[in-house]
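Engineer: Structure provided below as structure tokens; questions to follow.
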Amino acid sequence: MYFIINVIGILTVLGLSFLLSFNKKQIAIKPIIILFVLQLATTWFMLSTDIGGKVITLIADFFLWLISSGMSGVNFIFGDFAPLDGSTFTFFMNVLMPIIFIVVFFDILTYFGILPAMINGIGWLFSKIAKTNRFESFYAIQVMFLGNNEALAVTRSQLNKMSDKRLLTIAMISMSCVSAGMIGGYLQVLGPKYVLTAIPLNAIGALIITSLINPYEVTKEEDIDYAPSKSEKDNFFNMISNSMLTGGKLAIIIAVMLIGFVSLITALNTFLGLINNQLSLENIFGIIFSPISFLMGVEVSQVFAVGQLMGVKIVTNEFVAMQSLSEIISTLNPHTEAVISTFLVSFCNFTTIGIILGSMQALFGEGKSKFIAKYTGLLLVSGILVSSLTAMVVGLFVW
């Protein structure tokens, strides 16, 4: 029965995306079918084959090596507060501080053209297989590695020439990404197989949902990639220094937001408890998101708990929800663990909307940012639909 509900959930997500479409007659069905089959094939490969399991292990080991390398620097500065043997675990030291080195590492790959070559190659292959617009395919792959802010910045020259309609699609895709710098943090809280499976599924799902909601056609002349010119390259050592500062700022910003959000939730729960001892933000979120949780094929007894985590993730951020999930994960069955873990792996929350609008304002001026701001609600809804689709597709393979 739960499998059938899971399938109904997928059809519901696709149906809602269709109902939200700006131009239903212009929707290209063939690429959407190809993309969905690609989602199924990717999930099957990652979760149901020995090779896929080995790929996940290799990638996870690589990121664990990055974390270990990053922790050597953290330990040098903080000593006993961040022991290398892992005997003491603190979120700030073990999850956030290694982000500094991970950001630097991927910026070095970008500087020498290794990461852009990978992104361009995968994006080109992706567009050929799925028959989707080349730039949108390229961008969906790019945000898998760089995140929304960085991806918008490095493609600003091309994006500045685009119509508002295409820019809206780019903004919606940006809601469903993560960045390579954050993967190491996720892997210390959640199991690697779901984190690493969700990332490509989100990229594919973002193209499915945006193709349904905001369909359009582009000419060959308009559908080109953007490659930074050599003149845009900074001095290597300046780049490393700026990258370290960027990673440090990112870690501090996340820490500040987590402190603020967790404290705010605790304070609000105290006030809500004065009204009724069963009333809390988590319980409110559980009620609001329970229908989506149910459509993921989650057992009735666990629907409410999953709804709570989904709500916390959307209103605060994924780290707060992941930390809460880690505390109850042993009580969940395999299917529930799979769907909620993959749902949490994205930047889709209220804060990300502000980041995207701020980036649009800074990069493209008030005109384009005002247009995107008119669709703030749609950005959030599209991100939730993508995360839900990812979770439901993964759910088909884990019971």
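Each residue of the sequence shown is one higher than the one before, counting from 311 in my numbering. All residues carry an ideal CB built from backbone N, CA and C; glycine is no exception. Every value quoted in this text rests on a predicted model; they were computed, and no experiment measured them.
(1) Quick test of the definition: if touching needs 3 or more C-beta pairs under 8 angstroms, does the stretch 620 to 630 touch the stretch 672 to 682?
(2) Do residue 350 and residue 519 have their CB atoms nearer than 9 angstroms?
(3) Name, in chain order, the residues that DSSP records as bridge partners for residue 489.
(4) Counting only the same chain and skipping the five closest in sequence on each side, list residues whose C-beta sits under 7 angstroms from that of residue 478.
(5) CA-CA distance, residue 366 and residue 503?
(6) Please tell me whether residue 612 and residue 593 are closer than 9 angstroms, where the distance is taken between their beta carbons.
(7) So, with DSSP's three-state summary, where would you put residue 501?
(8) Skipping 5 residues on each side, what residues in its chain have a beta carbon closer than 6 angstroms to that of residue 377?
(9) Smallest Cα separation from residue 548: which of 406, 322, 421, 374?
(10) Could you tell me the boundaries of the alpha helix (DSSP H) in which residue 603 lies?
(11) Can you tell which of 616, 625, 626 has the C-alpha that lies nearest to the C-alpha of residue 635?
(12) Rank 320, 445, 324, 599 by C-alpha distance to the C-alpha of residue 522 and give the top, closest one.
(13) For the alpha helix (DSSP H) containing residue 663, name the first residue and the last one.
(14) Quick one: what does DSSP say residue 471 is sitting in, helix, strand or coil?
(15) For residue 489, count neighbouring Cβ atoms within 10 angstroms of its own Cβ and tell me buried if that reaches 16, exposed if not.
(16) To test your reading of the DSSP string, which unbroken beta strand (DSSP E) runs of 3 or more residues are found completely within the stretch 630 to 660?
(17) Tell me the DSSP secondary structure of residue 380 in three-state form.
(18) Under the assumption that residue 458 contacts residue 656 (Cβ atoms under 8 angstroms), give the Cβ distance between them as a whole number of angstroms.
(19) Does DSSP classify residue 706 as helix, strand or coil?
(20) Is the stretch 563 to 581 touching the stretch 625 to 633, taking contact as three or more C-beta pairs under 8 angstroms?
(21) Leaving out five residues on either side along the sequence, give the residues of the same chain with a beta carbon under 6 angstroms from the beta carbon of residue 582.
(22) Measure from the alpha carbon of residue 663 to the alpha carbon of each residue in 387, 318, 694, 385, then state which is nearest.
(23) In its own chain, which residues sit with a C-beta less than 6 angstroms from the C-beta of residue 651, not counting the 5 before and 5 after it?
(24) Compare the C-alpha of residue 483 against each of 709, 689, 706 and name the closest.
(25) Which two residues bound the contiguous alpha helix (DSSP H) that contains residue 526?
(26) Assuming residue 388 and residue 403 form a contact by the criterion Cβ under 8 angstroms, report the distance between their Cβ atoms to the nearest whole angstrom.
(27) Taking the CB atoms as reference points, tell me whether residue 506 and residue 356 lie closer together than 9 angstroms.
(28) Return the Cβ separation of residue 609 and residue 312 in integer angstroms, given the expectation that the two are a contact with Cβ distance under 8 angstroms.
(29) Is the beta carbon of residue 480 less than 9 angstroms from the beta carbon of residue 462?
(30) Report the option in 337, 429, 380 whose CA atom is closest to the CA atom of residue 413.
(31) Here's the rule I'm using: 16 or more other beta-carbon atoms within 10 Å means buried, otherwise exposed. How should residue 553 be labelled?
(32) Between residue 560 and the ligand FAD, is the CB less than 8 angstroms from at least one heavy atom?
(33) Suppose you measure from the CA of residue 287 to the CA of residue 673; what does that come to, to the nearest Å?
(34) On the premise that residue 497 lies in contact with residue 373, defined as a C-beta separation below 8 angstroms, what is that separation, rounded to the nearest angstrom?
(35) Between which two residues does the alpha helix (DSSP H) harbouring residue 323 extend?
Structural biologist: According to the data block:
(1) Judged by Cβ distances under 8 angstroms, the stretch 620 to 630 makes no contact with the stretch 672 to 682, as fewer than three pairs qualify.
(2) Translated into positions along the sequence shown, residue 350 becomes position 40. Translated into positions along the sequence shown, residue 519 becomes position 209. No, they are not a contact pair.
(3) Translated into positions along the sequence shown, residue 489 becomes position 179. In the DSSP assignment, the residues bridged to residue 489 are 456.
(4) Working through the sequence shown from its first residue, we reach residue 478 at position 168. 524, 682, 685.
(5) Here the question's residue 366 lines up with position 56 in the sequence shown. Here the question's residue 503 lines up with position 193 in the sequence shown. For residue 366 and residue 503, the distance between alpha carbons rounds to 6 angstroms.
(6) Stepping through the sequence shown from its first residue, residue 612 is reached at position 302. Stepping through the sequence shown from its first residue, residue 593 is reached at position 283. At a Cβ-Cβ threshold of 9 angstroms, residue 612 and residue 593 do not count as neighbours.
(7) By one-based count along the sequence shown, residue 501 stands at place 191. Note: residue 501 maps to coil in three-state DSSP.
(8) Here residue 377 refers to the residue found at position 67 of the sequence shown. By the criterion of a C-beta distance shorter than 6 angstroms, residue 377 is surrounded in its chain by 408, 494, once the five residues flanking it on both sides are discounted.
(9) Indexing the sequence shown from 1 puts residue 548 at position 238. Of the candidates 406, 322, 421, 374, the one whose C-alpha sits nearest the C-alpha of residue 548 is 421.
(10) Sequence index remark: in the sequence shown, residue 603 carries index 293 (1-based). Residue 603 -> alpha helix (DSSP H) spans 591 to 605.
(11) Reading the sequence shown from its first residue, position 325 is the one you call residue 635. For the set 616, 625, 626, the Cα lying nearest the Cα of residue 635 is the one of 616.
(12) In the sequence shown, residue 522 corresponds to position 212, counting from 1. With distances taken between Cα atoms, residue 522 lies closest to 324.
(13) For this step, residue 663 is matched to residue 353 along the sequence shown. Taken as a continuous stretch (DSSP letters only), the alpha helix (DSSP H) holding residue 663 covers 660 to 683.
(14) Taking the first residue of the sequence shown as 1, we reach residue 471 at position 161. Residue 471: coil per DSSP, three-state reduction.
(15) Taking the first residue of the sequence shown as 1, we reach residue 489 at position 179. Buried, because 16 or more other Cβ atoms sit within 10 Å of the Cβ of residue 489.
(16) Here no run is fully enclosed.
(17) Looking up residue 380 in the sequence shown gives position 70. Three-state DSSP puts residue 380 in a helix.
(18) The sequence position of residue 458 within the sequence shown is 148, counting from 1. The sequence position of residue 656 within the sequence shown is 346, counting from 1. For a cut-off of 8 angstroms, the C-beta gap from residue 458 to residue 656 is around 10 angstroms, too long to register as a contact.
(19) For the purposes of this step, residue 706 is identified with residue 396 of the sequence shown, where counting begins at 1. In the three-state DSSP reduction, residue 706 falls in the coil class, being neither helix nor strand.
(20) They touch, by the three-pair rule.
(21) In the sequence shown, counting from the first residue as 1, residue 582 sits at position 272. If we look at residue 582 and ignore the five residues flanking it on each side, its Cβ neighbours are 589, 590.
(22) Indexing the sequence shown from 1 puts residue 663 at position 353. The candidate whose alpha carbon is nearest that of residue 663 is 694.
(23) Counting from one through the sequence shown, the residue named residue 651 turns up at place 341. Cβ within range, chain order: 500, 504.
(24) What you label residue 483 is simply residue 173 of the sequence shown in a count that begins at 1. Comparing Cα positions, the closest option is 689.
(25) The residue you call residue 526 lines up with position 216 of the sequence shown. Counting along the chain, residue 526 sits inside no alpha helix (DSSP H), nor does DSSP assign it H or E at all.
(26) Within the sequence shown, numbered from 1, the residue matching residue 388 stands at position 78. Within the sequence shown, numbered from 1, the residue matching residue 403 stands at position 93. 6 angstroms between Cβ atoms; contact.
(27) Working through the sequence shown from its first residue, we reach residue 506 at position 196. Working through the sequence shown from its first residue, we reach residue 356 at position 46. Their beta carbons are under 9 angstroms apart, which means residue 506 touches residue 356 by this criterion.
(28) Residue 609 sits at position 299 when you count from the first residue of the sequence shown. Residue 312 sits at position 2 when you count from the first residue of the sequence shown. Contact between residue 609 and residue 312 holds: their C-beta atoms lie close to 7 angstroms from each other, under 8 angstroms.
(29) Along the sequence shown, one-based indexing puts residue 480 at 170. Along the sequence shown, one-based indexing puts residue 462 at 152. Residue 480 is a Cβ neighbour of residue 462, given a cutoff of 9 angstroms.
(30) Indexing the sequence shown from 1 puts residue 413 at position 103. That would be 380, whose Cα lies nearest to the Cα of residue 413.
(31) Locating residue 553 in the sequence shown gives position 243, where the first residue counts as 1. Flag for residue 553 reads buried.
(32) What this structure holds is no ligand at all, so the ligand FAD is not there to describe.
(33) Coverage of the chain is limited to positions 311 through 709, which leaves residue 287 absent and any answer about it impossible.
(34) Against the sequence shown, residue 373 aligns to sequence position 63. Against the sequence shown, residue 497 aligns to sequence position 187. Sure, about 5 angstroms apart at Cβ, within 8 angstroms.
(35) Stepping through the sequence shown from its first residue, residue 323 is reached at position 13. Start and end: 312 to 329.
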